[in-house]
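What follows is a short report on a single structure.
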Amino acid sequence: MKYLFYTVFALFPCFAFGQPASSIDIGAGVGMSSYYGDINQNKLFYNPNISFDGIIRYNFSNRYSLRANVMSTKLKADDIDFENPYQQSRKEFFVRNIFEIGVLGEVNFFPYINPHEWGHSLSTIYATLGAGYAVSYVTGQEDIGSSSIIFGVGYKRVLTRRFAVEAEWAFRKLVNDEFDNVVDPIKTGETSKLFNNDWYNVIGVRLTYNFWQNGGKCRTFEKDTDL
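UniProt numbering applies: residue 1 is where the sequence shown begins, and numbers increase by one.
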């Protein structure tokens with residue numbers, strides 16, 4: 001599975017630049033991530049950690065887009081943070097660095113395009129859905145990888161002729177149940193990918209820059225200086 005995502009990331013710019021496009025954006029953002037799973041089962045923003053991401057987005061129209069993204073963050077949790085007697089005695093904990101790649105589709109609720117054009121909204125709410133691959137690494141330990149389902153909602157707003165700002169909240173449902181070191185919490189001797197409990201969510205803001213529009217006009221080399 002991970003080789004598929006590596007291939008998509010490698011070829012994404014070729015597809016994007018080689019085909020007529022409404023517009024193409026690049027962007028970078030910062031936010032916070034938090035873990036939900038066998039250790040934390042009821043706190044939505046438990047133990048948040050800073051996250052960084054970067055995207056390249058191919059806008060098919062003012063409604064539909066496809067993006068590739070990379071994200072880096074850290075996840076951690078400890079049984080002693082919870083009053084549950086079982087967790088107090090179990091004393092499981094973990095700290096993991098996460099690197100993630102993903103491919104996601106976006107659907108705008110309102111007609112939206114940057115640079116802004118007459119008849120289009122200056123802002124929109126959007127929904128996003130896709131797939132990712134996350135690698136968890138700890139110094140001195142074997143790396144753990146997992147495919148994931150990614151889904152979330154966000155808000156985009158045009159700032160200037162080329163720049164826009166976005167806010168997004170997205171969840172990751174992991175296929176692998178080993179990220180939190182608790183694979184078989186009730187000691188049944190059996191594990192299931194279908195019913196694993198490892199999730200994490202990322203909420204953050206992102207600044208994007210539009211550099212390609214109308215199927216072949218590279219905004220990077222425009223003579224005007226209008227932002």
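The C-beta atom is built at its ideal place from N, Cα and C for all residues, glycine as well.
Annotated as distal: I98 and K91, with beta-carbon spacing of 8 Å or more. K173 is bridged by DSSP to I149, W199.
For R96, the enclosing beta strand (DSSP E) covers residues 93-108. Counting only runs of 3+ residues, the beta strand (DSSP E) found wholly inside the stretch 23-50 occupies 23-36, in chain order. Contact between the stretch 149-164 and the stretch 74-89 is not established, with fewer than three Cβ pairs separated by less than 8 Å. For G102, same chain residues with a beta-carbon under 6 Å away, outside a window of 5 residues either side, are N69, G130, G132, I150 in chain order. DSSP places D81 in the helix class (H, G or I) of the three-state scheme. Burial is judged here by how many other beta carbons sit within 10 angstroms of a residue's own beta carbon; E100 has at least 16 and is buried. In this structure, the alpha-carbon of Q87 lies about 38 Å from that of I55.
Secondary structure at S61: coil, using DSSP grouped into helix, strand and coil.
Comparing C-alpha distances from F211 to each of F163, I203, S33 shows the shortest one belongs to F163.
In the same chain as L66, and ignoring 5 residues on each side of it, the C-beta atoms closer than 6 Å to its own belong to Y58, G105, in chain order.
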